[in-house]
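Data first, discussion second: the structure below is written as structure tokens.
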Amino acid sequence: MRQADPPHHHPRHRHHRRHSGALLDLIREVLADGRPRTPSEILTEGQARGLFPAGYVVENVTNAIHGYVGRKQLRGRKPFAVQDPDGRYRLNQIPDPWPEPSSPLPTRSPSHEALAALDVARRTATGADPAAFERAVCDVFAALGFVATHLGANDQPDGLLDAPLGALGYRVVLECKTAVPGKGVGLPNAAEPARYREPYGAERCALVGPEFTSQPVLLSELNVHCVSAWTIDDLATIVNAALNPYELRRAFEPGFAEDTLADLIWERSHGVRKRIAVISELLQKIAGHEQHIALAAKPELAAHLTVDSAMICVNEWLARHAGEARCERADVEAAFDWMTQPLVGAAVWADDAKRAIVVTSLGLSAER
């Protein structure tokens, strides 16, 4: 197990620019691993990683992040960072005390089609052809797996998104708004897409524009009419993360998509996927050792690796090496299910009752 290191992303995959100051983007990159840091530590680490210019001082970092958090809270929005009582700043997510798995979690890269559609959407968002922007937005979502239909005529929504998820499928009404270059969409009518919800059999509604001003007022309108607001930067987030229609369902809930997308990205790297990977690696090491010891006795006398015994072993290791990290029963059950999948082959069930497993990938990392 390796301790969490600041992630290094290819420039194409780095979090896009969301805020007026480039310094905020750099601060966010330093804080990306979730560990709290003082402004001085943020500056020192950022300079060591070549992110901050040599002329930056601690006051630059302090003023930028303190002012940003205050502005976001004033608008009723979720800032990407929060300040702990001890004065340190961290990402505005549930802290993740778990170590990193030895093998990095698998990631998805954006498709060429999605990146191309995003470029067109970015250009047309402040252009003179609203229909071109509508088509580009539809193309972005189509490249992510939606069945996107451009409409745009009078008394029609600008587009429809259908998530082809069988019994979990859903439909989204799209309303797209362009703006003058350098300015955001003033106060769009959130009721506009909402009036198409029932006639078109949609569950969700979305407003898409280059960016939105008057955010406190708009946030109230979004909640009243059950509409989500998406900016070009939000489209960049979902394209670069290659999120699929199932993952994106939550992002269409009322409010600003940015706030939910931050949670989705965090959970992908720090949620159940990570815990399953860490537990699997630990069980392969622990069980492999115990199974070798068991050679001294008859196989029928060997201890059974059940969910309960696995929880004890994993939590003992975490207590010694990972501070406050602890696994829950659901985590171990998910790890058992994953390890015993035929395409993974890290373990097999000890019997038909599926109460215990036998680790088969002894001394090896589980296949991914």
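Sequential numbering of the sequence shown, starting at 808, is according to our numbering.
Beta carbons are placed, not taken as given, at the ideal position from N, Cα and C, and that holds for glycine.
Remember, it's a predicted structure, so these values are computed and weren't measured experimentally.
Take the alpha-carbon of Val1165 and the one of Leu1055: they are about 36 Å apart. Here DSSP, grouped into helix, strand and coil, assigns His1111 to coil.
When DSSP states are grouped into helix, strand and coil, Ser910 belongs to the coil group. DSSP lists no bridge partner for Gly874. Scanning the segment 967 to 1044 from its first residue to its last, the whole beta strand (DSSP E) runs of 3-plus residues come out as 977 to 983, 1011 to 1016 and 1035 to 1038. At a cut-off of 4 residues, the continuous stretches assigned as alpha helix (DSSP H) that sit fully inside the segment 1052 to 1128 are 1052 to 1055, 1064 to 1077, 1079 to 1100 and 1114 to 1128.
In this model, Ala1137 and Gly883 are separated by some 34 Å (Cα to Cα).
In the DSSP assignment, Ile901 falls outside any alpha helix (DSSP H), carrying neither H nor E. Pairing Leu1014 with Val1031 gives a Cβ-Cβ distance that is not under 8 Å. Membership of Thr956 in any alpha helix (DSSP H) is not indicated; the residue belongs instead to the beta strand (DSSP E) covering Val954 to His957. Counting along the chain, no alpha helix (DSSP H) covers Gln890; the unbroken beta strand (DSSP E) around it starts and ends at Ala888 to Gln890. Ranking Ile1072, Pro1106, Arg978 and Tyr1003 by CA distance to the CA of Asp1041 puts Ile1072 first. The Cβ atoms of Ala871 and Ile901 do not sit closer than 8 Å to each other. The DSSP-derived three-state label of Val1166 is strand.
Minimum Cα-Cα distance from Ala1129 among the listed residues Asp1158, Lys1105 and Arg1082 corresponds to Arg1082.
Ranking Glu836, Tyr1053 and Leu1068 by CA distance to the CA of Ala974 puts Tyr1053 first. Classified as buried, Asp903 has 16 or more neighbouring CB atoms from the shown chains inside 10 Å of its CB. A Cβ-Cβ distance of about 5 Å is found for the pair Ile1093 and Cys1120, placing them in contact under the 8 Å criterion. With a 10 Å radius around the Cβ and a threshold of 16 neighbouring Cβ atoms, Lys1161 comes out exposed. Here Arg915 is exposed: its Cβ has fewer than 16 other Cβ atoms, across all protein chains shown, within 10 Å. Counting along the chain, the unbroken beta strand (DSSP E) around Ala1154 starts and ends at Ala1154 to Trp1156. Around the beta-carbon of Arg842, 16 or more other beta-carbon atoms lie within 10 Å, marking it buried. Checking the DSSP bridge columns, you'll see Arg844 partnered with Tyr896. Taking 8 Å as the cut-off, the Cβ atoms of Val947 and Ala924 count as close.
The DSSP-derived three-state label of Arg884 is coil.
With distances taken between CA atoms, Phe1143 lies nearest to Gln1091 out of Leu1068, Gln1091 and Arg897. Here DSSP, grouped into helix, strand and coil, assigns Arg835 to helix. Counting other Cβ atoms within 10 Å of its Cβ, Glu1131 stays below 16 and is therefore classed as exposed.
Secondary structure note for Pro937: its alpha helix (DSSP H) is the uninterrupted segment Pro937 to Ala950. Each residue's CA atom was taken as its position, placing Arg929 and Glu941 some 11 Å apart. Taking 8 Å as the upper bound for CB-CB distance, Pro995 and Gly966 are not in contact here, some 15 Å apart.
Taking all protein chains in view, the Cβ of Val864 is surrounded by fewer than 16 other Cβ atoms within 10 Å, so the residue is classified as exposed. Leu1050 and Arg1075 have their C-alpha atoms spaced approximately 10 Å apart. Within the same chain, and ignoring the five residues on either side of Ala939 in sequence, the residues whose Cβ sits closer than 7 Å to its Cβ are Thr931. Judged by beta-carbon spacing, Gly991 lies beyond the 8 Å limit of Leu1029, meaning their Cβ atoms are not closer than that value.
Taking each of Met1146, Ala1084, Arg1127 and Ala1126 in turn and checking the Cα distance to Leu1112, the smallest one comes out for Met1146.
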